[in-house]
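S.K.: These protein sequence lines are chains S and D, in that order.
Everything in the first sequence is counted per this note's numbering, starting at 1013 for the first residue and increasing by one.
Everything in the second sequence is counted per this note's numbering, starting at 1013 for the first residue and increasing by one.
Protein chains: 2
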Amino acid sequence: MSTGLDDIDRKVLTCLMRDGRATYAEIGQEVDLSAPAAKRRVDRLRAEGVIQGFTAVIDPSVVGWVTEAYVEVYCSGKVSPTQLRRQFQAVPEVISACTISGSADAMLHLVAEEVQDLERAIGLVRNEDNIEQTRSAIVLSRLFDRPVGPRGRSEG
Amino acid sequence: MSTGLDDIDRKVLTCLMRDGRATYAEIGQEVDLSAPAAKRRVDRLRAEGVIQGFTAVIDPSVVGWVTEAYVEVYCSGKVSPTQLRRQFQAVPEVISACTISGSADAMLHLVAEEVQDLERAIGLVRNEDNIEQTRSAIVLSRLFDRPVGPRGRSEG
DNA sequence: GTTGAAAAGTGAACTCG
DNA sequence: CGAGTTCACTTTTCAAC
C-alpha cells in the first residue's frame, strides 16, 4: 500500500478542503492541470482512501447541537482498545474517542442538544464494569475551530 | 433574522453532510423536490450561514498529521474569551479551542506531525502571562470519529 | 491533454396556495 | 408573494482517444 503523495496531490487536497464542491476545472487551474487530469487525481485519492468523503460544514448553534463536553475516562484493570471502542461507540452522543497518555485512559468528545442528554450519555459511559471514574468538562463557549490541513508549524 | 429550519431543510443538511458533493437532483430526490428547488434551499442555507462551506474529509494518518493532544489550560486573573481566542489562534497546531466548566478554564485540541511540534506548541501556549499551568494528554490511539449530525440520543 | 456526448448547474418565465 | 415546477441554455463531468 504505497500512499505516497506528491506535491500536486497535496495541493489538490488543500483545494478540496477549502471548497469541497470545487469543480475539476478549478482544481486543475490551481495545480496547472487539465480538468480531466485533476479528476483522475481526485478519483485516485478517493480510491486510496486519502479522501474519505465530502461533507457540508454546518453552524452547530443554528441546528441545535449546542451542548458539548470533554470527558476523561479512568478504567480498571486491563483495557482493550477494541472493547473500549465498542462500548463508547454505543453511545450516540460520543462523536470522538481516543486513548491518551497520563492518568486517565481515554478522552471522549460528546455533543448533544441539551445538558441532560450529556448527563444521560455520561451516565451510560460510567455504567460499565471496567469504567472506574470519569472527569467531565462541559464546554461553555467554543472559541474557534479550524480544519486540519497542510499548515505551517509554530516557530519557537 | 429568523433562521427557522423546517423539516426539508434538515433533510437537505443531512444529505449534504453525508455527501458534500451530492448533485441538486440527488438532494431533491431525497426531499421530494425538483433540482432547482433543492438548489434554492441550499443557496438560502448558505446565505443564512447555516451551511458554512464544504470540505473534503481527509484521512489524517495518510497525510502525516498523526500526533494529537488535548490540553487543559489554567488561566490567572480575569480571562476575556476574545483575548484567549486571539492568543490560541496564533498557534497553528491548535485546531480547536473552547472555554470549559470545572477547574480548568479552557480546553485545546492540538494536531501536529511530530511530538516535538506538539511540545513546542504547548510551550507557546504556556508562554503567555495569563497562563498559569497546562495539563496535557497526548493521544495514543484514536478509537473512532464520527460526524456531528442529526442522530438519535442515547436511551437510559 | 484533448475531444465530444451525456449529465448537472442555473436563470427565467410560469403556476399554485 | 413565497415556494415549486418546467424549460431553455451554459457549464461540468467523464469516458473515450
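Built from N, CA and C at the ideal position, the CB exists for glycine as well.
None of the values given here were measured: they were computed from a predicted structure.
(1) Here's the rule I'm using: 16 or more other beta-carbon atoms within 10 Å means buried, otherwise exposed. How should R1052 of chain D be labelled?
(2) According to DSSP, simplified to helix, strand and coil, what is E1167 of chain D?
(3) With distances taken Cα to Cα, identify the nearest neighbour of A1118 of chain D among D:E1060, D:V1069, D:G1076, D:Q1095.
(4) Nearest to G1016 of chain D by CA position, among S:P1048, S:V1075, S:I1107, S:C1087, is which residue?
(5) Opposite D1018 of chain D in the DSSP bridges: which residues?
(6) Pull out every residue of the segment 1103 to 1126 of chain S whose Cβ sits closer than 7 Å to any Cβ of chain D, in chain order.
(7) Which of the three DSSP states, helix, strand or coil, is assigned to D1055 of chain S?
(8) Below 9 Å on C-beta distance, what does R1165 of chain D contact in chain S?
(9) With DSSP run on the structure shown, which of helix, strand or coil describes A1047 of chain S?
(10) Would you identify the three-state DSSP class for R1147 of chain S, choosing helix, strand or coil?
(11) Could you check whether the Cβ of T1067 of chain S sits closer than 9 Å to any Cβ belonging to chain D?
(12) Within the chosen definition, does the segment 1082 to 1092 of chain D reach the segment 1135 to 1155 of chain D through at least 3 CB pairs nearer than 8 Å?
(13) Pull out every residue of the segment 1136 to 1149 of chain S whose Cβ sits closer than 7 Å to any Cβ of chain D, in chain order.
(14) Counting only Cβ pairs nearer than 8 Å, list the residues of chain S close to V1074 of chain D.
(15) Between the alpha carbons of S1073 of chain S and C1110 of chain S, how many angstroms are there, rounded?
(16) So who's on the other strand from I1070 of chain D, going by DSSP bridges?
(17) Is the segment 1057 to 1066 of chain S close to the segment 1040 to 1059 of chain D, with three or more CB pairs under 8 Å?
(18) If we define contact as Cβ-Cβ less than 9 Å, is Q1041 of chain S a contact residue for chain D?
(19) Contact criterion: CB-CB distance below 9 Å. Does D1044 of chain S meet it with respect to chain D?
(20) Bridge partners of L1025 of chain S, per DSSP?
(21) Strictly under 9 Å for the Cβ-Cβ distance: is Y1036 of chain S near chain D by that measure?
(22) On a CA-only basis, which of S:C1027, S:A1133, S:D1129, S:A1149 is nearest I1070 of chain D? Give me that one, please.
(23) Is T1035 of chain S helix, strand or coil when you go by DSSP?
(24) Starting from S1153 of chain S, find everything on chain D with Cβ-Cβ shorter than 8 Å and list it in chain order.
(25) Return helix, strand or coil for R1158 of chain D, following the three-state DSSP convention.
(26) In whole angstroms, give me the CA-to-CA distance for W1077 of chain S and G1061 of chain S.
M.R.: Straight from the coordinates:
(1) Mapped onto the second sequence, residue 1052 of chain D falls at position 40. Result: exposed.
(2) Taking the second sequence and counting its residues from 1, one reaches residue 1167 of chain D at position 155. Of the three classes helix, strand and coil, the one that applies to E1167 of chain D here is coil, per DSSP.
(3) Position 106 of the second sequence, counted from the first residue, corresponds to residue 1118 of chain D. Considering only alpha carbons, the answer is D:Q1095.
(4) Translated into the one-based positions of the second sequence, residue 1016 of chain D becomes position 4. Checked all of S:P1048, S:V1075, S:I1107, S:C1087; the closest Cα to G1016 of chain D is S:V1075.
(5) Taking the second sequence and counting its residues from 1, one reaches residue 1018 of chain D at position 6. For D1018 of chain D, which the question treats as bridged, DSSP gives no partner whatsoever.
(6) V1103, P1104, E1105, I1107, S1108, A1109, C1110, T1111, I1112, S1113, G1114, A1116, M1119, V1123, A1124
(7) Here residue 1055 of chain S is taken as the residue at index 43 of the first sequence, counted from 1. Looking at D1055 of chain S - three-state DSSP - the assignment turns out to be helix.
(8) Along the second sequence, one-based indexing puts residue 1165 of chain D at 153. Here the neighbours are P1104, E1105, A1124, E1125, E1126, D1129, R1132, A1133.
(9) As a position in the first sequence, residue 1047 of chain S is number 35, starting the count at 1. Reduced to three states, the DSSP call for A1047 of chain S is helix.
(10) Looking up residue 1147 of chain S in the first sequence gives position 135. In this structure, R1147 of chain S counts as strand in the three-state DSSP scheme.
(11) What you label residue 1067 of chain S is simply residue 55 of the first sequence in a count that begins at 1. It does; some Cβ of chain D falls within 9 Å.
(12) yes
(13) L1136, A1149
(14) As a first step, residue 1074 of chain D is located in the second sequence; it is residue number 62 there, counting from the start. Per Cβ cutoff of 8 Å: T1015, L1017, E1060, G1061, V1062.
(15) One-based indexing of the first sequence puts residue 1073 of chain S at position 61. One-based indexing of the first sequence puts residue 1110 of chain S at position 98. Approximately 25 Å between the Cα atoms of the pair.
(16) As a working note, residue 1070 of chain D is residue 58 in the second sequence. DSSP, once it has assigned bridges, lists S:I1063 as partnering I1070 of chain D.
(17) no
(18) Along the first sequence, read from residue 1 onward, the residue named residue 1041 of chain S stands at position 29. So, not an interface residue.
(19) For this step, residue 1044 of chain S is matched to residue 32 along the first sequence. So no, D1044 of chain S is outside the interface.
(20) By one-based count along the first sequence, residue 1025 of chain S stands at place 13. Answer by DSSP bridge pairing: none, since L1025 of chain S is not bridged.
(21) As a position in the first sequence, residue 1036 of chain S is number 24, starting the count at 1. Y1036 of chain S does not count as touching chain D.
(22) Your numbering for residue 1070 of chain D matches position 58 in the second sequence. Among S:C1027, S:A1133, S:D1129, S:A1149, the Cα nearest to that of I1070 of chain D belongs to S:C1027.
(23) Indexing the first sequence from 1 puts residue 1035 of chain S at position 23. Note: T1035 of chain S maps to coil in three-state DSSP.
(24) Counted from its first residue, the first sequence places residue 1153 of chain S at position 141. Those are P1093, C1110, T1111, listed as they occur along chain D.
(25) Here residue 1158 of chain D refers to the residue found at position 146 when the second sequence is read from its first residue. R1158 of chain D falls in the coil class under three-state DSSP.
(26) Here residue 1077 of chain S refers to the residue found at position 65 of the first sequence. Here residue 1061 of chain S refers to the residue found at position 49 of the first sequence. Cα-Cα distance, rounded: 29 Å.
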